[in-house]
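Notes for the one structure printed next.
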Amino acid sequence: MSHGVAETSDRFTPDSHEGPVDVIRQRSDAAHSSSGDDASGVQAPVAREDALSPESARYQRLNIVDRHSAEALNQYCKVNTVVGNVPTRLANLAALQSVLTSLPLALADFAALFSSLFLATGIAERLFGISTQQAEMQAVFFVSLVILPIAQLAGLYPGLGISPVVEFRQLSRSLFASLLVFCGIGWFAHPQMWLFYVASGLLAFCLGTPASIAARYVARHLAKRFRFWGVPVLVLADPERGEELYRRLAKSSEQGFRPVGVLLDADNYWRAGKRLEEQGVPVFDIRRTHESALEHSVTWVIVSNCANRENAPSLDPPLAVIPNRILLSSNQLDMGLWDRLYCVGSTSGLRLGGGRPSSYKLAMKRVMDLTFTLAACLVGLPALLAMYLMVKLSSRGPVFYGQKRIGLGGREFTAWKFRTMQQDADRVLDAYLAKNPAARKEWDEKHKLSSDPRVTRIGQLLRATSFDELPQLWNVLTGEMSLVGPRPIINSPTYDACYVEHYPDEFEAYKSVRPGLTGLWQVACRNRGVYDLRIYWDMYYIRNWCVWLDMYLILRTVKTVLFREGS
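For what it's worth, the numbering used here labels the leading residue of the sequence shown as 340, then goes sequentially.
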């Protein structure tokens with residue numbers, strides 16, 4: 340194992356309960372017992388410590404009379420001096436790691452804003468028929484640098500463990516603030532050209548938002564290949580939970596956390612440590628935390644299952660040397676994206692989100708639905724006509740397929756799709772499931788089949804790209820659906836009956852919102868997850884809904900369709 344319990348030896352450890360006086364006394368007693376009586380054969384008298392004054396007793400205890408006691412004192416002082424400096428050394432190391440982790444993201448933000456603003460001013464030049472002077476180029480460069488302190492204030496650096504939705508919101512705000520600076524500079528320098536600067540700023544914002552997200556995505560996935568990027572982290576948990584968190588962090592290293600191993604208490608260290616290391620999970624003894632932290636440059640620790648700890652804020656004393664500590668919530672506390680800490684008297688409280696949105700926010704969502712849907716219909720009209728002809732000419736039957744779904748308030752509506760199946764699809768499905776037990780199991784778990792015999796060739800193409808659901812834009816225009824929301828439920832014994840019957844509370848929450856053309860389940864796991872995950876992501880969306888989450892999911896949907904994720 341990585342660190343065992345210290346063997347009984349002459350080495351003195353900082354977590355020992357013995358002080359320097361006890362150490363010297365033990366070494367001195369051992370030396371005298373080995374040498375026996377003095378040369379005269381008379382044992383030297385030893386004054387009783389309790390008979391002396393405190394000053395005399397202390398002097399006698401520190402009166403080193405042999406080299407063994409001197410070595411003991413030197414070793415003790417050396418070890419404890421190093422341990423005393425551990426928090427400072429790790430704090431300095433944490434600051435350096437934060438700077439190194441921030442650098443790739445800062446370069447990505449600068450490059451994205453500079454290129455977007457440069458392109459936007461070039462387009463605006465042609466629109467307004469003017470020529471950008473050197474001063475404007477200097478303003479572009481300056482504003483591209485301004486985003487760095489603004490993003491720092493917005494919490495975007497070093498960007499460790501930040502939610503993609505929160506990162507999207509803070510990045511958009513930082514871009515907007517930076518472009519306001521650009522417009523202000525242009526207005527003061529050239530008041531007669533204010534419209535040029537406003538147009539350039541708006542266009543740069545539209546270009547820079549997706550460009551910044553893409554640049555950060557690339558920067559994270561490139562930087563995680565280098566050891567300088569990210570922060571080493573230890574996980575304190577029970578063996579099973581620790582292994583789960585370790586593997587989860589290893590799979591999502593682009594978040595900036597590089598798992599070093601799992602910290603276990605003494606019992607779990609000896610009971611399960613060997614098994615975890617055989618499975619590729621490094622294990623460390625919590626009593627040797629300071630040594631593990633120094634050896635592996637660990638400046639972060641993630642603590643799980645601390646709900647029952649009376650000293651949860653300070654945690655175990657060995658963890659005090661690590662400057663950054665993350666407490667994971669207990670199972671009873673389901674935290675969301677927008678929860679905030681508040682000062683309540685002399686303590687802190689957590690405000691939980693998840694309440695019903697106001698009428699103002701619902702109106703904003705509806706306006707966004709109409710705006711994006713109308714724009715998509717106008718831009719994608721030629722593609723929609725091409726799909727119509729492909730379905731019409733490829734197989735017999737109607738072009739569109741309508742299916743009853745459950746919507747807002749439990750009302751049924753007809754959700755439209757391009758027909759992707761044969762006309763006698765139900766009969767084909769029943770016969771296929773009867774002959775294939777594996778397909779029956781997959782259908783029962785996901786209510787979808789990875790290889791569906793009912794689907795036509797054109798239907799396979801439309802499903803792989805999710806273009807078969809584009810006719811639901813009509814449902815969005817009529818107000819029966821939203822662009823983003825939970826996947827519409829089919830109330831039938833064959834499809835989503837378990838949602839209605841086995842999850843009544845979740846079903847009531849589902850009926851409080853409009854179902855969506857896309858959503859968290861579609862971009863998070865789609866065909867790769869079990870049915871329970873669909874319900875989990877539906878509830879997560881309902882609890883954490885905001886306009887920023889909708890905009891983020893729309894952009895994620897574009898990425899999912901382009902790269903055919905989960906298809």
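Here a beta-carbon is modelled for each residue, glycine too, at the ideal position from N, C-alpha and C.
Asked: When P721, L724 and L772 are compared against P792, the one with the closest alpha-carbon; Found: L772
Asked: At least three beta-carbon pairs within less than 8 Å, the region 493 to 510 to the region 458 to 471; Found: no
Asked: Top-ranked residue by Cα proximity to F902, from S592, A722, A836 and V862; Found: V862
Asked: Pick from D807, E475 and S517 that is closest to Q491, judged by C-alpha positions; Found: S517
Asked: Residues of its chain near K704, where Cβ-Cβ distance is below 7 Å and the 5 sequence neighbours each way are ignored; Found: S821, V886 and D889
Asked: DSSP state of G748 mapped onto helix, strand, coil; Found: helix
Asked: Sequence ranges, alpha helix (DSSP H) only - wholly within the region 576 to 628, length at least 4; Found: 578 to 590 and 605 to 617
Asked: Through-space distance from G858 to S851, alpha-carbon basis; Found: 16 Å
Asked: Completely contained alpha helix (DSSP H) runs for the region 501 to 536, where each covers 4 or more residues; Found: 503 to 528
Asked: Range of the contiguous beta strand (DSSP E) that encloses Y880; Found: That residue, Y880, is in no beta strand (DSSP E); its alpha helix (DSSP H) goes Y870 to N883.
Asked: Beta-carbon contacts of D708 that lie in its chain and below 7 Å, excluding the five residues immediately before and after; Found: V815, S821 and L822
Asked: Delimiting residues of the alpha helix (DSSP H) encompassing I893; Found: V886 to L901
Asked: H841 (DSSP reduced to helix, strand or coil); Found: helix
Asked: Classification of A607 by the beta-carbon crowding that lies within 10 angstroms, buried from 16 upward; Found: In the sequence under discussion, the amino acid at residue 607 is Asn, which differs from the Ala named in the question. Buried, since its Cβ has 16 or more Cβ neighbours within 10 Å.
Asked: Continuous beta strand (DSSP E) stretch holding R695: start and end; Found: Careful: R695 lies outside any beta strand (DSSP E) and carries neither H nor E.
Asked: Nearest-angstrom Cα separation, counted from W639 out to L442; Found: 19 Å
Asked: Three-state secondary structure (DSSP) of M760; Found: strand
Asked: L689, buried or exposed, once every other Cβ within 10 Å from all chains shown has been counted against 16; Found: exposed
Asked: Under the three-state DSSP convention, the category L822 falls into; Found: strand
Asked: Between the CA atoms of A434 and F449 - distance to the nearest angstrom; Found: 22 Å
Asked: Straight-line Cα distance separating E784 from G818; Found: 31 Å
Asked: Per-residue DSSP class, three states only, for P488; Found: helix
Asked: Span of the beta strand (DSSP E), counted from its first residue to its last, around T804; Found: From DSSP, T804 is part of no beta strand (DSSP E) but of the alpha helix (DSSP H) over R796 to T804.
Asked: Given 8 Å, three or more beta-carbon pairs between the region 593 to 605 and the region 557 to 574; Found: yes
Asked: Of the residues S437, D624 and K700, the one placed nearest N883, counting alpha carbons only; Found: K700
Asked: DSSP-derived helix/strand/coil call for V404; Found: Confidence at V404 is low in this model, with a pLDDT of 37, below 50, so the placement of that residue is unreliable and no value is reported for it.
Asked: Which residues DSSP lists as bridging K563, in chain order; Found: Its beta-bridge partners do not exist; DSSP assigns none.
Asked: Cβ distance (whole Å) where L456 is taken to contact A543 below 8 Å; Found: 4 Å
Asked: Helix, strand or coil at T460 according to DSSP, with G and I counted as helix; Found: helix
Asked: Proximity of N830 and I745 at Cβ, strictly below 7 Å; Found: yes
Asked: Contact set for Y838: own chain, Cβ-Cβ below 7 Å, skip 5 residues either direction; Found: I828, F846 and I874
Asked: For V683, the first and last residue of its enclosing beta strand (DSSP E); Found: R679 to V683
Asked: Beta-bridge partners of T686, as assigned by DSSP; Found: V683
Asked: Beta carbon of S636 nearer than 7 Å to that of L432; Found: yes
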